[in-house]
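Start counting the sequence shown at 7; every next residue gets the next number (our numbering).
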Amino acid sequence: MAKAENVRLIFGDDDYRVQAAVNETLQEWVPPEQRALGLETVAGGLDQSEAVREALDQCLEALLTPAFFGAIKTVWLRDVTFLEKHPALANDAVKDRLRRLAEWIADAHNQNVHLLVSASGIDKRTAFFIACKKTAQVKEYTVPSRPRDADKYAQQQLDGLLRQQNLRAAPSVRDRIIERAGVDTRQLANETQKLRAYLGQESVVPAELVDDLVSSSRQSIIWEFTDTVGQRDLAAALRVLRRLVFQKESPVRLLGVLDGFLRDLILYRHAVYRRWVRRSGSSGVTVVWDDLPPEIEQVFTECMDRDPRKANPYRMGILARTAASISMTRLLRWRELVVQTYRRMFSGNIPPERHLELMLLQMLGSATDRPDRGSRKKMQRA
């Protein structure tokens with residue numbers, strides 16, 4: 007069955023791509039000079055069931071009211087939040103309006119009214135979505151929930167954004183942009199626009215420009231904190247820690263993040279020693295897991311909350327190289343300091359961030375705290 011050309015559902019948590027698709031649809035259906043009379047907008051970002059019912063009534067009335075002088079009219083049910091996990095979906099009056107809207111959609115072919123629905127998410131079990139899937143044009147822009155899939159999705163979006171800006175970047179540079187900016191498409195779009203403005207007529211993005219120009223997401227700042235610890239750079243670790251505390255990041259959460267980082271390094275230290283990871287890619291900055299014993303394969307698959315093999319490949323490369331440069335003895339001592347710091351945080355009157363600073367001084371402040379002997383060969387092996 008052919009899809010109705012005059013009904014379009016656009017949804018997903020990638021708000022940048024959703025908005026881009028909405029803008030394209032509006033440009034196609036009702037150009038700016040026609041919107042005064044040809045576009046009727048109904049707000050859908052609502053909390054209360056009564057407000058949702060009223061919005062649906064307004065939408066239905068608009069669909070059934072002809073446009074002036076017989077022209078084509080577009081009704082936009084905008085930024086809907088009540089189509090997924092919303093209390094209003096249990097309300098009988100709301101269910102009745104959604105049923106009537108689904109009936110209109112099912113019979114929408116060749117009508118002189120366009121319907122555009124944009125939403126942050128939708129319950130795909132509802133009769134409304136089933137009617138849209140059967141009759142309307144449905145466009146979904148959702149970021150995958152699995153980290154590895156989210157990284158691939160972000161890479162695809164970044165590639166497209168770089169092409170839009172007539173920019174080229176090596177794979178390692180693209181990985182670094184995503185590491186700093188995160189996987190949010192809107193943030194990636196902002197950063198590619200900044201790169202385009204800075205480079206002028208140049209088209210190649212140099213690696214050194216990424217750290218200077220691309221803004222760090224909060225997650226990448228936390229990664230920066232753990233990485234400075236892995237690099238044993240006390241001054242940088244203290245600087246990033248104070249920045250995160252200033253941004254109201256919980257010291258207890260930061261300690262937990264650091265503990266997870268050290269557990270990852272201990273795992274990768276074992277993996278590097280036993281050659282379970284190897285370099286991959288032309289740049290050699292990423293790694294893959296290989297030749298795991300069956301019992302370790304089973305542990306990764308069945309016993310761990312997150313399989314380390316499904317992490318960001320670029321991030322895995324950083325962890326492998328960092329782990330290869332630090333002895334197991336040192337890593338275990340650091341983790342013991344983390345445990346001691348956690349206990350101290352809940353005793354006495356010293357602010358938690360001061361405990362974190364003291365811990366960093368104990369971990370990184372020794373005058374003899376230099377790269378472990380043989381680390382260069384271990385990093386090359388990783």
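For each residue, glycine too, the CB sits at the ideal point set by N, CA and C. Here the structure is a predicted model, which means the values were calculated and not measured.
Per DSSP, which residues does residue i bridge with? Please list them.
i: residue 285; result: 293
i: residue 79; result: 119
i: residue 210; result: 174
Can the beta-carbon of residue i be found less than 8 Å from the beta-carbon of residue j?
i: residue 27; j: residue 139; result: no
i: residue 55; j: residue 86; result: no
i: residue 129; j: residue 89; result: yes
i: residue 73; j: residue 44; result: yes
i: residue 265; j: residue 344; result: yes
i: residue 168; j: residue 175; result: yes
i: residue 251; j: residue 257; result: yes
i: residue 268; j: residue 211; result: no
i: residue 259; j: residue 227; result: no
i: residue 184; j: residue 216; result: no
i: residue 192; j: residue 316; result: no
i: residue 62; j: residue 103; result: yes
i: residue 197; j: residue 187; result: yes
i: residue 148; j: residue 19; result: yes
i: residue 2; j: residue 31; result: Residue 2 lies beyond the stretch modelled for the chain, which goes from 7 to 388, so this question has no answer here.
i: residue 273; j: residue 314; result: yes
i: residue 337; j: residue 271; result: yes
i: residue 141; j: residue 114; result: yes
i: residue 66; j: residue 107; result: yes
i: residue 105; j: residue 133; result: yes
Give the secondary structure of residue i by DSSP, where H, G and I count as helix, E and B as strand, and everything else as coil.
i: residue 128; result: coil
i: residue 113; result: coil
i: residue 382; result: Because the pLDDT of residue 382 is 44, which lies under 50, any placement of that residue in the model is unreliable, and the number read from its coordinates should be weighed accordingly. Here residue 382 sits in helix by DSSP.
i: residue 217; result: helix
i: residue 84; result: strand
i: residue 352; result: coil
i: residue 89; result: coil
i: residue 14; result: strand
i: residue 146; result: strand
i: residue 254; result: coil
i: residue 374; result: Confidence at residue 374 is low in this model, with a pLDDT of 45, below 50, so its placement is unreliable and the value that follows should be read with caution. Residue 374 falls in the coil class under three-state DSSP.
i: residue 388; result: Confidence is the limiting factor: at residue 388 the pLDDT is only 45, short of 50, which leaves the residue's position unreliable, though a coordinate-based value still follows. Coil, per DSSP.
i: residue 71; result: coil
i: residue 266; result: helix
i: residue 179; result: helix
i: residue 357; result: coil
i: residue 97; result: coil
i: residue 237; result: coil
i: residue 165; result: helix
i: residue 9; result: coil
i: residue 344; result: helix
i: residue 332; result: coil
i: residue 222; result: coil
i: residue 189; result: coil
Between the Cα of residue i and the Cα atoms of the options, which residue gives the shortest distance?
i: residue 41; options: 158, 127, 120 and 200; result: 120
i: residue 157; options: 59, 213 and 322; result: 322
i: residue 293; options: 300, 281 and 299; result: 281
i: residue 1; options: 82, 205 and 164; result: An answer regarding residue 1 cannot be provided, because it is not within the stretch 7 to 388 covered by the chain.
i: residue 33; options: 63, 82 and 125; result: 82
i: residue 241; options: 106, 304, 364 and 286; result: 364
i: residue 328; options: 219, 232 and 369; result: 232
i: residue 275; options: 311, 330 and 303; result: 330
i: residue 79; options: 108, 47 and 51; result: 47
i: residue 221; options: 118, 236 and 190; result: 190
i: residue 205; options: 219, 195 and 194; result: 219
i: residue 286; options: 310, 309, 318 and 207; result: 318
i: residue 97; options: 57, 109 and 125; result: 57
i: residue 253; options: 64, 359 and 110; result: 359
i: residue 136; options: 162, 35, 112 and 311; result: 112
i: residue 110; options: 124, 71 and 93; result: 71
i: residue 50; options: 362, 324, 125 and 361; result: 125
Uninterrupted beta strand (DSSP E) stretches inside the region 22-68 (no shorter than 3 residues): Runs of the beta strand (DSSP E) spanning 3 or more residues and lying entirely within the region 22-68 occur at 45-49, in chain order.
Which full runs of the beta strand (DSSP E) of 3+ residues lie inside the region 292-328, going along the chain? The qualifying runs are 292-295.
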